[in-house]
Amino acid sequence: YYNNETILWLNGEFVKASEAKMDFYSQSLHYGYAVFEGIRSYKTTGGETKIFKAEEHFDRLRNSARAINMPYTWSNETLINATYEVLQRNNLDNAYIRPVVYAPVNMSFVKNDVSYIVIEVWEMAPFFGEKLLRIMTSSFQRPNPKAFKITAKASGHYVNSILASQEAKANGYDEALLTDMNGYVAEGVGANMFYEKDGKLFTPATGNILPGITRATVLELCHELGIEAEEKQITLAEVKDADAAFFCGTAAEVIGWESFDDIPFKKNWKETVSRKIQQAYSARVTEADIVVEA
Ligand code: PMP
């Protein structure tokens, strides 16, 4: 992730990652009481580096912090400018960006005055390959929204994702699909899902999932391309009977599935509308800003 030269942004200062300090007494470490984002920057076709959906990601970071009652004092402008400068100082264009908001040592959880923030970056090449994933239904369900703020990207929630991912890999699969507390399809460990049936796309409705920014982008692309898309409650049987399926997320981008619980999909990935969405997404993230000549 980093070397001796890597720079991160810590509470307003540019600091070497190898010299940055965090307090072991911070209760963010003890309880997972922190919120974070996963963002990407891409080198666009115009040659410049662009953070994809920067405002949306920093809006979600603020909403995540508020959802768990952490003070959040930064404007998007401050954080986006800081992120561009961190990218520049590390000579990165295609990168993964990880802001984390965490607690000082003396956070009381009752009346919190201040949070800390760090923005870390590391190189990440765009993928968009032909690789397809073998997916299994996890024995772990997503956290019950009555026990967690499920729409907050809170650090502690991710132990659930780690357990599901470990189980899938131990069983020889690439990744897991988790159901919600009622047994309906929810999402992957770090991505939302869509399935395709008769040229139409379906994705779990919001409520029991993290409302992904990539999911929203896929819905936008469907609208633009005239592909029908529906948000609804989905059963595992519907996914098993699908023509195709994919995960979508900032890190995962759009990645197709080869099989689900060892059942191969009915259509060749290359002949699906899902594949068209994958191509449209790859074009969208690397699109240059439109410059209007005066
Ligand atoms: N669900 C979960 C649990 C995630 O961690 C992520 C990644 N942030 C997503 C969905 C996809 O969200 P996004 O498209 O905003 O990256």
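Position one of the sequence shown corresponds to residue 4 (UniProt numbering), numbered consecutively onward. A virtual CB, placed ideally from N, CA and C, is assigned to each residue, including glycine. The model shown is predicted, which means the values in this text are computed figures rather than measured ones.
- In the three-state DSSP reduction, Trp-77 falls in the coil class, being neither helix nor strand.
- Residue pairing from DSSP places Leu-136 in a beta bridge opposite Trp-260.
- In this structure, DSSP gives Asn-6 a state outside helix and strand, which the three-state scheme calls coil.
- By the Cβ rule, the segment 194-210 counts as touching the segment 244-254, because three or more pairs are nearer than 8 Å.
- Taking C-beta separations shorter than 7 Å and ignoring five residues to either side along the sequence, the partners of Tyr-75 in its chain run Arg-65, Ala-68, Arg-69, Val-104, Ser-118, following chain order.
- Cα atoms of Val-257 and Ala-179: separation of roughly 16 Å, rounded to the nearest angstrom.
- Straight across, the Cα-Cα distance linking Gly-35 with Tyr-87 is about 27 Å.
- For Ile-122, the enclosing beta strand (DSSP E) starts and ends at 119-126.
- Excluding five sequence positions before and after Asn-147, the CB atoms of its chain that fall closer than 7 Å to its own CB belong to Met-184, given in chain order.
- By the CB criterion at 8 Å, Arg-43 and Thr-220 fall outside the cutoff.
- Taken in chain order, the complete alpha helix (DSSP H) segments of 4 residues or longer contained in the segment 168-236 are 216-228.
- Residue pairing by DSSP leaves Leu-82 without any beta bridge partner.
- Listed in chain order, the beta strand (DSSP E) elements of length 3 or more contained wholly in the segment 21-71 are 37-39, 42-46, 52-54.
- Val-18 sits in a strand when the DSSP states are folded into three classes.
- Non-local C-beta neighbours of Ser-277 in its own chain, meaning closer than 8 Å and more than five positions away in sequence, comprise Phe-197, Glu-199, Leu-204, Ala-247, Ala-248, Phe-249, Val-257, Gly-259, ordered along the chain.
- When the beta-carbon positions are compared, Thr-48 and Thr-289 come within less than 8 Å of each other.
- Two segments are said to touch when three or more pairs of C-beta atoms, one from each, lie closer than 8 Å; by this definition the segment 95-114 does not touch the segment 132-148.
- Between Glu-261 and Leu-135, the C-beta gap is smaller than 8 Å, which places the two residues in contact.
- Rounded to whole angstroms, Gly-229 and Ile-10 show a C-alpha spacing of 44 Å.
- Distance from the Cα of Lys-235 is smallest, within the candidate group Ala-189, Ala-171, Lys-114, for Ala-189.
- Secondary structure of Ala-106 (DSSP, three-state): coil.
- Residue state for Ile-153 is assigned as coil, using DSSP reduced to three classes.
- Under the three-state reduction of DSSP output, Ser-111 falls in the coil class, being neither helix nor strand.
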